[in-house]
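The next block holds one structure in the form of structure tokens; read it before the comments.
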Amino acid sequence: ILNVEQSPQSLHVQEGDSTNFTCSFPSSNFYALHWYRWETAKSPEALFVMTLNGDEKKKGRISATLNTKEGYSYLYIKGSQPEDSATYLCAFRTGANNLFFGTGTRLTVIP
Amino acid sequence: DSGVTQTPKHLITATGQRVTLRCSPRSGDLSVYWYQQSLDQGLQFLIQYYNGEERAKGNILERFSAQQFPDLHSELNLSSLELGDSALYFCASSVGDSPLHFGNGTRLTVT
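If you're matching them up, the sequences are chains A and B in order. Number 32 in this note's numbering belongs to position 32 of the first sequence; there are no gaps in the numbering. Number 1025 in this note's numbering belongs to position 25 of the second sequence; there are no gaps in the numbering.
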């Protein structure tokens, strides 16, 4: 069982603010890092799959970076909107194909 | 719609009983993952199957077992149920290095 840590645990921001969260994972036996968005009463949906050190991915106002050498990834949301309110999960995939999730960052965007 | 189907949606049973949760993966996906989400906990990885064979084991209790059938659907069996087994159980599927697609979950309540 691998330790994947996310911080902060929860976050409240005003509409229009930009924000970011951190995912920390073991730097050894890295295969991929996933980000998921999980809205209340729904199931998690994939945002990004990142595999290369230095990778940057972007989808609309959401972007992510990856540092496999030091074992962290950042997720950024620019100009937060109320519909961005959700729990953001990262998941670390090892070479053995297991996928371990962090406990998530719960974002609330206040209108 | 993720294409992953989980049944039943809700299940209420008594302590000591046994239940079976069912998952049909997205068409073409060979891997099936089971996760448990207890109150205020993140997604705990239980077990993964790939094309009918167990691929990885996480924090799965001995009272729990799973299998993946030739048609790739999977079942998670939970026996000698305890109050603490009450949780939301998610199934997810994937193919290759693609992200996971999650079902809507089965909410198990043990009374």
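No residue lacks a Cβ here, since even glycine has one placed at the ideal position from N, Cα and C. Note that the structure is predicted; figures quoted are calculated from it, not measured.
Taking 8 Å as the cut-off, the Cβ atoms of A:G79 and A:R106 do not count as close. With respect to the C-alpha of B:G1003, the residue from B:H1010, B:L1011, B:V1032, B:R1018 having the closest C-alpha is B:V1032. By the beta-carbon neighbour count (other beta carbons within 10 angstroms, threshold 16), A:R93 is buried. Looking at the DSSP output, B:R1022 sits in a beta bridge with B:T1007, B:E1075. Minimum Cα-Cα distance from B:C1091 among the listed residues B:D1040, B:R1026, B:N1059 corresponds to B:R1026. Counting the other Cβ atoms within 10 Å of the Cβ of B:A1087 gives 16 or more, which makes it buried. Legend: CB atoms of the region 34-62 of chain A lying less than 7 Å from CB atoms of chain B belong to residues H34, S43, P44, A46, V49.
Bounds of the beta strand (DSSP E) holding B:F1090 are 1087-1094.
Taking all protein chains shown into account, A:S43 has 16 or more neighbouring C-beta atoms within 10 Å of its C-beta and is therefore buried. Interface criterion not met: the Cβ of B:D1001 is under 8 Å from no Cβ in chain A. Of A:I110, A:E5, A:L33, the smallest CA-CA separation from A:F48 is found for A:L33.
Between B:D1029 and B:S1094, the beta carbon gap of about 6 Å places them in contact (Cβ cut-off 8 Å). Here the alpha carbons of A:N3 and B:I1047 stand approximately 17 Å from one another.
Around the Cβ of B:T1106, a 10 Å sphere holds 16 or more other Cβ atoms; the residue is buried.
If you ignore the 5 residues before and after B:L1083, its C-beta comes within less than 7 Å of the C-beta of T1015, V1110, all in its own chain and listed in chain order. Under the Cβ distance rule, B:A1087 does not count among the residues neighbouring chain A, no pair being separated by less than 8 Å. Cβ-Cβ separation between B:S1079 and B:R1063: approximately 5 Å, consistent with a contact (criterion under 8 Å). DSSP lists A:T94 as the bridge partner or partners of A:F30. Closer than 8 Å to the CB of A:F92 there is not a single CB belonging to chain B. Assignment of A:L47 by DSSP, reduced to helix, strand and coil, places it in the strand class.
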